[in-house]
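Take a look at the structure set out below.
There are 2 protein chains.
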Amino acid sequence: MELPVVLDCLSDPIRLAIVYHLAQHERDGTELRCGDFNELSGKSNLAYHFAKLRDSGLMQTRIAGTNRLMKLRREDLDARFPGLIDAVLKSAARDAGRLQLVAECEVADVD
Amino acid sequence: MELPVVLDCLSDPIRLAIVYHLAQHERDGTELRCGDFNELSGKSNLAYHFAKLRDSGLMQTRIAGTNRLMKLRREDLDARFPGLIDAVLKSAARDAGRLQLVAECEVADVD
Chain A
27 MELPVVLDCL SDPIRLAIVY HLAQHERDGT ELRCGDFNEL SGKSNLAYHF
77 AKLRDSGLMQ TRIAGTNRLM KLRREDLDAR FPGLIDAVLK SAARDAGRLQ
127 LVAECEVADV D
Chain B
27 MELPVVLDCL SDPIRLAIVY HLAQHERDGT ELRCGDFNEL SGKSNLAYHF
77 AKLRDSGLMQ TRIAGTNRLM KLRREDLDAR FPGLIDAVLK SAARDAGRLQ
127 LVAECEVADV D
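Here's what the structure looks like:
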C-alpha cells in the first residue's frame with residue numbers, strides 16, 4: 027500500500043462514498059455486497075471503482091456463493107497509515123450531505 | 027476547501043513532497059520560495075503544482091519583492107479537516123525515502 031495511491035483512491039467522490047459506507051458497517055461486522063452501492067453509480071462504473079479500491083489495498087473482497095462481500099482492510103490501513111482513515115472518515119462525515127455520501131444506500135441482508 | 031479536492035491534491039508525489047517540505051519549515055516560521063523546490067521537478071511543472079496547491083486551499087503565497095513566499099494553510103486545514111494533514115504527513119515521513127520526498131531540497135535564505 028502506497029500513500030499516494032491510497033490518497034488518489036480516496037479522492038474520488040464515489041470511492042469515498044463506498045469507503046464511508048463500508049466503514050459505517052465495520053463495527054457490526056457486516057460486509058457489503060456490490061448491489062448495496064447501486065444508488066451511487068452504474069454497475070460497470072462501480073466495478074471499476076471496486077477494482078481500484080482493491081488494488082490500492084483499501085478493501086478486500088471475498089466470494090460467498092454468488093455474492094462478493096466487501097469490507098475495509100481497516101487493520102492493515104491503520105497499521106500502515108496511523109490515523110489517516112479515521113481522519114478522512116471524520117472529515118467525510120462532516121460533509122456527508124454535500125459530498126452525497128448518504129445516497130439511499132440500502133443494505134440488503136446477506137444470506 | 028473540499029475533501030476530495032484536497033486528497034487529490036495530496037495524491038501527487040511531487041505535491042506531497044512540496045507539502046512535506048513546507049510542513050518541515052512551518053515550525054520555525056520559514057516560508058519557502060519556488061526555487062527551493064527546483065530539485066523536485068522542472069520550473070513549469072512546479073508552477074502547475076503550486077497552482078493546484080493554492081487552488082485546493084493547501085497553501086498560500088505572498089509576494090515579497092521578486093519572491094513568492096509559500097506556506098501551508100495549516101490553521102485552516104486543521105479546522106476544516108481535523109487530524110488529516112498530520113496523519114498524511116506522519117505517513118509520508120515514514121516513507122520519505124521511498125516516496126522521494128527528501129530530494130536535496132535546499133532552502134535558501136530569503137532576503
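So the protein lines, in turn, are chains A and B. To get my numbering, take the position in the first sequence, counting from 1, and add 26. To get my numbering, take the position in the second sequence, counting from 1, and add 26. Backbone N, C-alpha and C define an ideal beta-carbon position, used for all residues, glycine too.
Cross-chain neighbours of residue i in chain B, by beta carbon under 9 Å
{"i": "A:F107", "result": "A113, V114, K116, S117 and R120"}
{"i": "A:S37", "result": "L29, P30, V31, V32, L33, D34, C35, L36 and S37"}
{"i": "A:L125", "result": "E28, L29 and P30"}
{"i": "A:L42", "result": "L29, P30 and L33"}
7 Å Cβ shell around residue i - same chain, five flanking residues per side excluded
{"i": "B:K138", "result": "This structure does not reach residue 138 of chain B, given that chain B is present from 27 up to 137, and the question cannot be answered."}
{"i": "B:P108", "result": "none"}
DSSP-derived helix/strand/coil call for residue i
{"i": "A:R124", "result": "coil"}
{"i": "A:L48", "result": "helix"}
{"i": "B:R94", "result": "strand"}
{"i": "B:A119", "result": "helix"}
Residue range of the unbroken beta strand (DSSP E) whose run includes residue i
{"i": "A:R80", "result": "Unbroken run through A:R80 is the alpha helix (DSSP H), K69 to S82; no beta strand (DSSP E)."}
{"i": "B:R88", "result": "M85 to A90"}
Residue i and residue j closer than 8 Å at C-beta
{"i": "A:L36", "j": "A:V45", "result": "yes"}
{"i": "B:L115", "j": "A:A113", "result": "no"}
{"i": "B:A118", "j": "A:L29", "result": "yes"}
{"i": "A:M27", "j": "A:S82", "result": "yes"}
{"i": "A:R99", "j": "A:H75", "result": "no"}
{"i": "A:L103", "j": "A:P39", "result": "no"}
Chain-order list of residues whose beta-carbon lies under 6 Å from that of residue i (same chain, five-residue window excluded)
{"i": "A:C60", "result": "R94"}
{"i": "B:A43", "result": "L66 and L127"}
{"i": "A:V31", "result": "S82"}
{"i": "A:R88", "result": "L95"}
{"i": "A:D54", "result": "none"}
Proximity test, residue i beta-carbon vs the ligand ADP heavy atom, cut-off 7 Å
{"i": "B:T92", "result": "As presented, the structure is devoid of all ligands, the ligand ADP included, so that no description of it is given."}
Interface residues of chain B facing residue i [CB-CB closer than 7 Å]
{"i": "A:L110", "result": "A113, V114 and S117"}
Run of the alpha helix (DSSP H) containing residue i, from where it starts to where it stops
{"i": "A:L66", "result": "Counting along the chain, A:L66 falls outside any alpha helix (DSSP H), and DSSP gives it neither H nor E."}
{"i": "A:R106", "result": "R100 to R106"}
{"i": "A:D54", "result": "Note, A:D54: premise wrong, no alpha helix (DSSP H); not H, not E."}
{"i": "B:D34", "result": "L29 to L36"}
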